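Residue numbers (our numbering), protein chains in the order written: chain A, 605 to 677; chain B, 56 to 798. Let me begin by presenting the structure, written as C-alpha cells, before commenting on it.
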Amino acid sequence: MIDFFFLIPIAIGLGLIGLASFMWTLKNGQYDDLEGAAARILFEGEAGPLPEKRYQGPAQADAKADAQASRPA
Amino acid sequence: MSCCAPGAELDLHNAGPSADEVRLASRSAGDDLRRSDLSVPDMHCGACLHKIETALGRLDGVSEARANLSARRVSVLWRGEEPPPMMAALDKIGYAAHLFDADDDRADPVLSNLLRALAVAGFAASNIMLLSVSVWSGAEAATRDLFHWISALIALPALAYSGQVFFRSAFRALRHGQTNMDVPISIGVLLAFGMSLFETIQHGDHAYFDAAVSLLFFLLIGRTLDHVMRERARQAVNGLARLSTRGAMVLKADGTQTYLSVDEIEPGMTILLAAGERVPVDGRVLKGRSELDRSLVSGESAPQPASEGTELQAGILNLTGPLTIAATASAKNSFLAEMIAMMEAAESGRSSYRRIADRAARLYAPVVHTTAFLTFVGWMIASGDAHRAITIAIAVLIITCPCALGLAVPMVHVVAARRLFELGIMIRDGGALERLATIDTVIFDKTGTLTSGRPQLTVNADADGAALAAAIASHSRHPYSQALAALGIVSTPIAFDEVTEHPGDGLEARSGRTIYRMGRPDWAATDSADATVVLSKDGKSIAAFDLADRLRAGASEAVAELKAAGLQLNILSGDSTARVDAIASRLGLAGTAAARPADKVSAIEALKQAGHSVLMVGDGLNDAPALRAADVSMAPSSAADIGRNAADLVFLRESLAAVPQAIAVARRAARLVRQNFVLAIAYNLVAIPLGILGEVTPLVAAVAMSASSIIVVANALRLGRSGHNVREPAHPDAREFAVEAAE
C-alpha cells in the first residue's frame with residue numbers, strides 16, 4: 605500500500621506536467637502556424653519557429669536592423 | 056468569328072488599394088510602428104514563405120515581416136508616414152496580395168477554449184483509465200476505494216472545466232424549451248458522476264468516472280474538429296480580396312483633399328474617384344466622363360458610359376477616367392445597405408431548417424430517458440431495492456449516452472469539409488452540407504458566375520484589319536481598346552499622324568489623307584454593321600469586333616453534369632435579355648433576364664413554395680438577397696463581399712465544376728450520416744437490453760462506448776479516402792524542382 609503514496613502522485617504529477625506544458629505551448633502561440641514552423645527549420649538566418657516578441661521598442665528594433673545589415677550576405 | 060485569341064478579355068479588376076487605403080486599414084502597434092495584415096492566397100510552401108519574408112523585409116520602413124503559412128497571411132510592422140509598397144513588392148515576386156482587416160482576425164478564443172477543455176479531458180480520461188484498469192483487474196477493496204477517490208478528485212475539476220461546453224449549450228436549449236444533443240449528454244455525464252460519487256462514499260464496487268470523462272473527451276474531439284474546419288473556411292473566405300472600398304478621397308469646400316472612411320462620408324460631400332476605384336456610396340456624377348463596370352451591382356457585363364448626371368450605386372467600378380461625384384446617400388442608406396436589409400428579410404424565411412442531429416436528439420432524448428425510467432420502475436417492482444434500481448437505471452443512461460451519435464454527424468461533416476477544402480471549396484457549417492444534399496433545383500446568376508466576369512472581344516477581320524485596330528487601340532485607356540491592344544497582333548509598328556479620342560464615340564486616327572475611325576458603329580461607319588465596335592477607313596467599315604461573354608471554365612461540363620444528376624437548372628440574371636439568351640442557349644438552359652434583386656428573391660420564394668429545394672449560385676451584390684433566400688447558396692471567390700458572406704459555400708478555383716463536386720460530396724456525406732445513425736441505433740439495440748438486465752459494469756460501458764465511437768469514426772473516414780485522385784494543381788515551384796531533379 606505504501607507504494608501508492610509515491611507512485612500515484614508521481615504518475616499524476618507527470619500527467620500534470622504534460623498538461624501544463626501543452627497549455628503553455630498553446631498560450632505561447634506554437635500552434636498558430638504549424639505548416640510554417642515545419643518549413644522554417646530549413647532556413648538559415650535568425651528567424652525562429654515563433655514570432656519574435658512583438659511591439660518591441662524602437663531602440664531594440666533598430667539594433668536588430670543594424671545587426672542584420674552588418675551581417676555578410 | 057475568325058479568331059478568338061486568349062488574352063483578349065477585358066481586365067477590369069486589376070486595381071490595387073491606394074496608399075491611403077493601406078494606411079486606413081493598418082493598426083497602431085505601439086511606438087511609431089503600424090501593422091498591416093496581408094492575405095497571400097498563393098503562398099504554398101516553405102520557399103514561398105521565405106521569399107515573401109525576405110522581399111518584404113528588404114523594403115524601406117519595414118521593421119518586421121512575418122508570414123503565416125497555415126493562414127496564408129503576412130503581418131508587416133512598418134514605420135513612417137507612407138506605407139511601404141508591400142503589394143508591389145509581392146506582385147514583383149509573383150504573389151497576389153490583398154489587404155486583410157486586422158481587427159476581425161486575431162487569435163480565435165473559442166478554439167483555444169475547446170483545445171484547453173480537450174487537453175484537460177484527455178489528461179483526466181487517461182489517468183482515470185489507468186486507475187480503472189487495476190480496479191477492473193480485481194483490486195482489493197481498500198485499493199479500489201482509494202482509486203475511486205482519486206478518480207473522483209480528478210474527474211470533478213475535469214467535468215467542471217471541460218463539461219462546460221456541453222452544459223452551457225444544454226442549459227441554453229432547455230431554457231428555450233428545446234432539446235439538442237447536449238441535453239442527454241449533460242444529463243448522462245452528470246448522473247454518471249453523481250452516482251459514482253455516491254458509490255464511492257458507500258464503498259461500492261462500481262464507479263463510472265472513466266465513462267463520464269472519456270465520454271466528454273470523445274465528444275470534445277468531434278466538437279473541436281468541427282470548429283477547426285469551420286474556422287478554416289471562414290479564414291479562407293476572409294482572406295479574399297475585399298471588393299468594397301474602405302474610404303474615398305473627399306474634396307472639402309476649402310479645396311483641400313482628405314481620405315475619409317466610408318462611414319464618415321455624408322450626403323452632399325464631393326468625392327474624387329480615380330480610375331480603377333469603386334464607388335463608395337450612392338452618388339451622382341458632377342464632372343468627368345468614364346466607363347463603368349456594373350457587373351457586381353446589376354449583373355450587366357458590358358461597360359457602360361458615365362457622364363455628368365449619371366446616377367451611381369455604391370459598388371460600381373470606375374474604369375477609365377477620373378470622376379467627380381456628389382454623394383447622395385450616406386453609407387448606411389446606400390445600395391449596399393438596401394441589399395443587407397433585403398438579406399435580413401430573406402433570412403427569416405429560412406430559419407425553419409433543423410439540423411439532422413437536433414432532429415435525432417428530439418427523438419433520442421425522450422426514448423432514452425423513458426427507457427431509463429421504466430428500467431428503474433421495473434427493478435423497483437421486481438426487487439424492491441431502490442439503490443439497485445437507481446444504479447441500473449443510470450447504467451442504462453450511461454451506455455446509451457450518445458457518444459457514437461454525437462460523433463456520427465460531426466465526424467462525417469469534418470471529413471466532407473476536408474474533401475471540399477481539397478477541391479478549393481469552403482463550407483461554412485454542417486447544416487449547409489445537409490441542405491445541399493437535398494436540393495433539386497439550381498439557379499445560376501449569369502455575370503461572374505456562369506461567365507468569367509470579363510467579357511471577351513471576338514474579332515471579325517483579316518490580319519491587317521486586326522493589326523490596324525490594335526495599333527489604334529493602343530492609344531486609349533478604354534476597356535475595349537485595352538482588350539484590343541492586348542491581342543498583341545501588331546506585327547510592324549503602324550504610325551499615325553494624329554490620334555484623337557472622342558469620349559462616348561470612339562477613336563479617330565489620321566494617317567496622311569486617310570481617316571480611320573474605331574468606335575460606336577453608327578459613328579464610325581456609314582454602312583453601320585451590327586457589332587459592338589467597328590473600325591472604318593474613310594467611312595467604310597473594314598473590321599468589326601463583338602463583345603461576348605466568356606463562359607467560366609468548366610461551365611458547360613458542370614451544367615451537363617448537373618442535368619445528368621437530374622437537377623433542374625435555371626438562369627436568373629439582371630443583364631439584358633439578348634445577353635442572357637446568348638448564354639442560356641449556349642448552355643441549353645432557360646433564362647430570365649432583367650431580374651432586379653427583389654425579383655430574384657421572389658422567384659426563389661415561389662420555387663420554395665412549390666416544394667422545391669433550391670441552390671442559388673451567384674456572385675454580385677444584387678444576388679446577395681437571393682443567396683440568403685435560397686435553401687443553400689454558393690458563390691465564387693470573385694464575388695462581392697456581402698455575396699461571399701451570404702453564401703454557405705465559396706469556391707476558390709476558377710472552374711464551375713465546384714458546383715457538381717460539392718453536391719456529390721454532400722450527397723455522399725448524407726448517405727454516410729444515415730449509415731452512422733443506423734450503426735448507432737444498432738449499437739443501442741444491443742446495449743440497451745444489457746443495461747436493462749443490469750449486466751453493464753463500468754468495464755462493459757467503457758469497451759462498448761469506445762468501440763461504437765471508433766466504428767462511427769472509421770465509417771466517416773471512408774468519405775475522405777475514396778476518389779482521392781483530385782489533387783491540387785501543381786505549384787510552380789514544385790515543377791521547377793521537378794525540372795532541376797530531371798536534369
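Just so it is clear, CB atoms sit at the ideal spot from N, CA and C, and this is done for glycine as well. Computed from a predicted model, the values in this text were never measured in an experiment.
Determine, for residue i, whether the minimum Cβ-Cβ distance to residues of chain B falls below 8 Å.
i: aspartate 636 of chain A; result: yes
i: isoleucine 606 of chain A; result: no
i: glycine 617 of chain A; result: no
i: leucine 630 of chain A; result: yes
i: phenylalanine 647 of chain A; result: yes
i: isoleucine 612 of chain A; result: yes
i: isoleucine 621 of chain A; result: no
Using CA coordinates, which residue listed in the options is at the minimum distance from residue i?
i: serine 611 of chain B; options: B:Ile638, B:Asp630, B:Gly177; result: B:Ile638
i: lysine 631 of chain A; options: B:Val283, B:Met98, B:Ala174; result: B:Ala174
i: alanine 415 of chain B; options: B:Gly338, B:Ser657, B:Leu460, B:Ile718; result: B:Leu460
i: serine 316 of chain B; options: B:Leu306, B:Ala329, B:Thr300, B:Ala330; result: B:Thr300
i: isoleucine 482 of chain B; options: B:His99, B:Met394, B:Ala213, B:Arg289; result: B:Arg289
i: proline 139 of chain B; options: B:Leu79, B:Ala122, B:Ser130, B:Asp115; result: B:Asp115
i: alanine 2 of chain B; options: B:Ile209, B:His468, B:Phe732; result: In the structure as shown, chain B starts at 56 and stops at 798, and residue 2 of chain B therefore has no counterpart that could be examined.
i: glycine 135 of chain B; options: B:Phe178, B:Phe264, B:Met141, B:Asp87; result: B:Asp87
i: phenylalanine 264 of chain B; options: B:Trp434, B:Arg230, B:Ser187; result: B:Ser187
Quick check on residue i - is its C-beta less than 8 Å from some C-beta in chain A?
i: isoleucine 494 of chain B; result: no
i: alanine 194 of chain B; result: no
i: arginine 82 of chain B; result: no
i: glycine 116 of chain B; result: no
i: valine 165 of chain B; result: no
i: valine 175 of chain B; result: yes
i: leucine 201 of chain B; result: yes
i: serine 1 of chain B; result: Missing from the structure shown is residue 1 of chain B; chain B here goes from 56 to 798 and no further.
i: serine 125 of chain B; result: yes
i: phenylalanine 264 of chain B; result: no
Helix, strand or coil: which one does DSSP assign to residue i?
i: glutamine 664 of chain B; result: helix
i: methionine 324 of chain B; result: coil
i: serine 81 of chain B; result: coil
i: glycine 643 of chain B; result: coil
i: cysteine 58 of chain B; result: Unreliable positioning characterises cysteine 58 of chain B in this predicted model, as indicated by a pLDDT of 36, which lies under 50. A coordinate reading is not provided.
i: phenylalanine 551 of chain B; result: coil
i: glutamate 366 of chain B; result: strand
i: isoleucine 645 of chain A; result: coil
i: alanine 615 of chain A; result: helix
i: leucine 623 of chain A; result: helix
i: histidine 99 of chain B; result: coil
i: phenylalanine 610 of chain A; result: helix
i: glutamate 639 of chain A; result: helix
i: glutamate 477 of chain B; result: helix
i: proline 358 of chain B; result: coil
i: isoleucine 148 of chain B; result: coil
i: proline 715 of chain B; result: helix
i: proline 691 of chain B; result: strand
i: serine 94 of chain B; result: strand
i: leucine 704 of chain B; result: strand
i: serine 591 of chain B; result: strand
i: threonine 569 of chain B; result: strand
i: leucine 271 of chain B; result: helix
With 16 other CB atoms within 10 Å as the buried threshold, where does residue i fall?
i: lysine 387 of chain B; result: exposed
i: phenylalanine 248 of chain B; result: buried
i: arginine 89 of chain B; result: buried
i: aspartate 552 of chain B; result: exposed
i: glutamate 399 of chain B; result: exposed
i: tryptophan 628 of chain A; result: exposed
i: glycine 243 of chain B; result: buried
i: histidine 533 of chain B; result: buried
i: threonine 311 of chain B; result: exposed
i: valine 651 of chain B; result: The sequence as given places arginine at residue 651 of chain B; valine does not occur at that position. Classification for arginine 651 of chain B: exposed.
- Does the region 716-727 of chain B touch the region 500-508 of chain B, meaning 3 or more C-beta pairs lie closer than 8 Å? With a cut-off of 8 Å on Cβ pairs, the region 500-508 of chain B is not in contact with the region 716-727 of chain B, counting fewer than three such pairs.
- Contact between the region 590-609 of chain B and the region 517-531 of chain B: three or more CB pairs below 8 Å? Segments in contact, yes.
- Query: Between the region 333-345 of chain B and the region 358-373 of chain B, do at least 3 Cβ pairs fall closer than 8 Å?
  - Reply: Between the region 333-345 of chain B and the region 358-373 of chain B there are three or more C-beta pairs closer than 8 Å, enough to call the two in contact.
- Message: Would you call the region 599-611 of chain B in contact with the region 470-480 of chain B, where contact means no fewer than 3 C-beta pairs closer than 8 Å?
- Response: No, they do not touch.
- Query: Between the region 343-356 of chain B and the region 668-683 of chain B, do at least 3 Cβ pairs fall closer than 8 Å?
  - Reply: Yes, the region 343-356 of chain B is in contact with the region 668-683 of chain B.
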